[in-house]
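Reading through the structure tokens given below for one structure.
Number of protein chains: 2
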Amino acid sequence: MMTSASDLASLAALLADETRAAICLALLDGRAWTAGELAAHTRVAPSTATEHLNRLVDGGLLIERRQGRHRYVQLADASVAHLLEDLSARFEPRQDSARGLRAVTANAAMQRGRTCYDHLAGRLGVAVTDAMTGAGLLDQTGGFALTGTGLCWLTDTLGVRPADLRPAKRPLARGCLDWTERRQHLAGTAGAKLCEKFFDNGWVARIGSGRAVRLTTTGQAALRDLLGLSGID
Amino acid sequence: MMTSASDLASLAALLADETRAAICLALLDGRAWTAGELAAHTRVAPSTATEHLNRLVDGGLLIERRQGRHRYVQLADASVAHLLEDLSARFEPRQDSARGLRAVTANAAMQRGRTCYDHLAGRLGVAVTDAMTGAGLLDQTGGFALTGTGLCWLTDTLGVRPADLRPAKRPLARGCLDWTERRQHLAGTAGAKLCEKFFDNGWVARIGSGRAVRLTTTGQAALRDLLGLSGID
DNA sequence: GGGACCCTTCGGTACCGGCCGAACCATTGG
DNA sequence: CCAATGGTTCGGCCGGTACCGAAGGGTCCC
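For the protein sequence lines, the chains are L and F, in the order given.
Counting in our numbering, the first sequence runs from -15 upward without gaps.
Counting in our numbering, the second sequence runs from -15 upward without gaps.
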């Protein structure tokens, strides 16, 4: 009945190391990274990265896929991403410490729009969420939930398969605190499926290999038609 | 913009020690404990407990109140409680390892009803949540939110001050996973205020000094009248 | 004031865990 | 088959930290 303290402590211990924390934060982009990439990213020896990945996988935070001589790892599931978001939400937003043109433009792109594990975030994510709320698809007054209209909109207008929106272990709609905007954006299954459709339809596209995304011209038109959203860059 | 890994690591490090984890879990009952009580509870020397409390307070997870020769500590706010719940939710429900009559009855009482930081949990909490959902006060199909009717019910029927239900930093309604029931019960501001009213009205009462609560006979009648709930012990 | 009680401060010890380099294994590609 | 590449294993070093006991300061009660 009681959660034993040792369980909690060993879970927390997984994130209590700066290198492992950096690995998890990097994986928050939802993609799979190789062990070598993560070693380089965290600036530790490959052997050290191996040990960290072993612990994270054993602890259930990461899952791995061996492919040839590569070891790909990614966050185990959305609940892990959610956990990391929640923990991160406790900090002050970092001062924008970008130096140099490259870093600054990359930063600006991230603030404009990005993926947050498997859903949309940044100004784009918040704008879509707000527009959905304004259109009566989402209810934020008493929590964070899709309205009946919102459910229909996802299936009929966006073409999400109703089976994908069945209530399951993961909540259908969840608010996820946006670091850059300090506002909530849509997460949960609905947020993931919405993001998926946006990519499928070519409304958003990744910028380079990072987690930043941009709204395409098709996307701009679509958002204007569907949600009355304009002025999003 | 990016949360630095060191922030995340140092936050996690606070919980990465079994003794500190046990302290936080004990405080999940929402009450304030003295340093000595926590030292005894975790079976460490008072000096050791002091060090742990210092770290937890410095880290913002706990707040303290000095009162005479006592040092009372409690969780800093609901978001900390939420964090602990979320982390704990990742574990299998513990095998009920209670030994002896005292432990078994205490355990049974906890499963029947208890407080979870500042709201109701256990079979009682889940039953109330389900009844509210059935009565159209709560919407769980598209997330977890109060309906308009639900808001009115809280203010008009239960007498919660509308000002207390204004959307703030903390969400109005949230689902909180119940360890014993493996179901969600109502948390958030609404859950806290509802729990408060239940105590004020004498519908529930604490059993002894722990976090277990029992439904009074007045409470049974009230729940039957208001929510059509019966058969709750 | 005296004494009990609660907590804190301060050494000192022991252990855990993160890190690296070197050697090693496996896969890929010439 | 050989070389290059990505990853793992192992031994050893080192720093951080959880722990305690003893001594000391506050606070309360008689």
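No residue lacks a Cβ here, since even glycine has one placed at the ideal position from N, Cα and C.
1. Measuring CB to CB, does arginine 154 of chain L end up less than 8 Å from glycine 172 of chain L?
2. Below 8 Å on the Cβ atoms is my contact criterion, and I expect leucine 138 of chain L with leucine 178 of chain L to pass it. Report the Cβ-Cβ distance as a whole number of Å.
3. Which value, in whole angstroms, describes the spacing of the CA atoms of glutamate 69 of chain L and cysteine 160 of chain L?
4. Could you pull out every residue in the same chain whose Cβ sits closer than 6 Å to the Cβ of leucine 170 of chain L, ignoring the five residues on either side in sequence?
5. Do you know offhand how far methionine 116 of chain F's Cα is from arginine 107 of chain F's?
6. Give a yes or no on whether the minimum CB-CB distance between methionine -15 of chain F and chain L is below 8 Å.
7. List in chain order: all unbroken beta strand (DSSP E) runs of 3+ residues lying wholly within the segment 47 to 88 of chain L.
8. Using the C-alpha atoms, what's the distance from threonine 32 of chain L back to leucine 21 of chain L?
9. Could you have a look at glycine 186 of chain L and say whether DSSP puts it in helix, strand or coil?
10. Determine the DSSP secondary structure at glutamine 124 of chain F, reduced to helix, strand or coil.
11. If you draw a straight line from the alpha carbon of isoleucine 216 of chain F to that of aspartate 209 of chain F, how long is it in whole angstroms?
12. How long is the line joining the alpha carbons of valine 64 of chain F and leucine 11 of chain F, rounded to whole angstroms?
13. Find out if the Cβ-Cβ distance for the pair leucine 156 of chain L, glycine 126 of chain F is shorter than 8 Å.
14. For arginine 190 of chain F, collect the residues of the same chain with a Cβ closer than 6 Å to its Cβ; drop the 5 residues on either side in sequence, then sort them by chain order.
15. Is the separation between the beta-carbon of valine 110 of chain F and that of aspartate 162 of chain F shorter than 8 Å?
16. First and last residue of the alpha helix (DSSP H) that includes alanine 33 of chain L?
17. Counting only Cβ pairs nearer than 9 Å, list the residues of chain L close to threonine 113 of chain F.
18. Leucine 207 of chain F CB to nearest chain L CB: under 8 Å?
19. Taking only beta-carbon positions, decide if arginine 74 of chain L is within less than 8 Å of chain F.
20. Can you list the residues of chain L that glycine 175 of chain F reaches, using a CB-CB cut of under 8 Å?
21. Taking only the alpha-carbon atoms, compute the straight-line gap between glycine 134 of chain F and glycine 84 of chain F and give it to the nearest angstrom.
22. Nearest chain L C-beta to histidine 21 of chain F closer than 8 Å, yes or no?
23. Say whether the segment -15 to 1 of chain L touches the segment -9 to 11 of chain F, bearing in mind that this needs 3 or more beta-carbon pairs closer than 8 Å, one atom from each stretch.
24. Need the endpoints of the alpha helix (DSSP H) that arginine 4 of chain L sits in, please.
25. Mapping the DSSP letters down to three states, classify aspartate 102 of chain L as helix, strand or coil.
26. Report, in whole angstroms, the separation of the C-beta atoms of leucine -2 of chain F and leucine 37 of chain F, which I expect to be a contact under 8 Å.
27. At what residues does the alpha helix (DSSP H) containing leucine 211 of chain L begin and finish?
28. For the segment 150 to 163 of chain L, list every residue whose C-beta sits within 8 Å of some C-beta in chain F, in sequence order.
29. Does DSSP put tryptophan 17 of chain F in a helix, a strand or coil?
30. Find the nearest neighbour of phenylalanine 128 of chain F within the set F/Gln168, F/Gly186 and F/Leu207, judged by alpha-carbon distance.
31. Following the continuous alpha helix (DSSP H) through leucine -5 of chain L, name the residue where it begins and the one where it ends.
32. Does the beta-carbon of glycine 52 of chain F have 16 or more other beta-carbons within 10 angstroms, so that it is buried, or is it exposed?
33. Please classify tryptophan 42 of chain F as buried or exposed, where buried requires at least 16 neighbouring CB atoms within 10 angstroms.
34. Which word fits aspartate 140 of chain L, buried or exposed, when buried means at least 16 other C-beta atoms lie within 10 angstroms of its C-beta?
In terms of the structure at hand:
1. Contact: yes.
2. With a Cβ gap of about 7 Å, leucine 138 of chain L and leucine 178 of chain L count as contacting.
3. Spanning the two alpha carbons is a distance of roughly 8 Å.
4. In the same chain as leucine 170 of chain L, and ignoring 5 residues on each side of it, the C-beta atoms closer than 6 Å to its own belong to Thr113, in chain order.
5. A straight-line Cα-Cα distance of about 14 Å links methionine 116 of chain F and arginine 107 of chain F.
6. Because the pLDDT at methionine -15 of chain F is just 47, under 50, the model does not fix this residue reliably, and the point stays unresolved.
7. Restricting attention to beta strand (DSSP E) runs no shorter than 3 residues, the segment 47 to 88 of chain L encloses them at 54 to 59, ordered along the chain.
8. The sequence shown places glutamate at residue 21 of chain L, rather than the leucine named in the question. Using only the alpha carbons, I get a separation of about 13 Å.
9. In this structure, glycine 186 of chain L counts as coil in the three-state DSSP scheme.
10. Reduced to three states, the DSSP call for glutamine 124 of chain F is coil.
11. If you take the alpha carbons of isoleucine 216 of chain F and aspartate 209 of chain F, they lie about 13 Å apart.
12. Looking at the backbone, the Cα of valine 64 of chain F and that of leucine 11 of chain F are separated by about 10 Å.
13. Yes; because the gap between Cβ atoms is below 8 Å, this pair is in contact.
14. Result list for arginine 190 of chain F: Val197, in chain order.
15. Between valine 110 of chain F and aspartate 162 of chain F, the C-beta gap is smaller than 8 Å, which places the two residues in contact.
16. Element bounds for alanine 33 of chain L: 30 to 42.
17. Identification of chain L residues near threonine 113 of chain F by a Cβ-Cβ cut-off of 9 Å yields none; the smallest Cβ-Cβ distance measures about 13 Å.
18. It does not: the Cβ of leucine 207 of chain F has no partner Cβ on chain L nearer than 8 Å.
19. Yes - at least one Cβ of chain F is within 8 Å of the one on arginine 74 of chain L.
20. Going along chain L, no residue has its Cβ under 8 Å from glycine 175 of chain F, so there is no contact; the nearest lies around 11 Å.
21. Computed Cα separation, rounded: 43 Å.
22. At residue 21 of chain F the sequence reads glutamate, which differs from the histidine that was named. No, its Cβ sits nowhere closer than 8 Å to a Cβ of chain L.
23. With the cut-off at 8 Å, the segment -15 to 1 of chain L and the segment -9 to 11 of chain F touch.
24. Where arginine 4 of chain L is concerned, the enclosing alpha helix (DSSP H) starts and stops at 2 to 11.
25. Aspartate 102 of chain L: coil per DSSP, three-state reduction.
26. Wrong, their Cβ atoms sit about 11 Å apart, outside the cutoff.
27. Leucine 211 of chain L -> alpha helix (DSSP H) spans 201 to 211.
28. Correct list: Pro151, Pro155, Leu156, Ala157, Arg158, Gly159 and Trp163.
29. In the structure shown, tryptophan 17 of chain F adopts extended strand secondary structure according to DSSP, grouped into three states.
30. Measuring C-alpha to C-alpha distances from phenylalanine 128 of chain F to each of F/Gln168, F/Gly186 and F/Leu207 identifies F/Gln168 as the nearest.
31. Unbroken alpha helix (DSSP H) run through leucine -5 of chain L: -11 to -1.
32. Exposed, by the Cβ-count rule.
33. The displayed chain sequence assigns aspartate, not tryptophan, to residue 42 of chain F. Residue burial annotation: aspartate 42 of chain F is exposed, with fewer than 16 other C-beta atoms found within 10 angstroms of its C-beta.
34. Under this definition aspartate 140 of chain L is an exposed residue.
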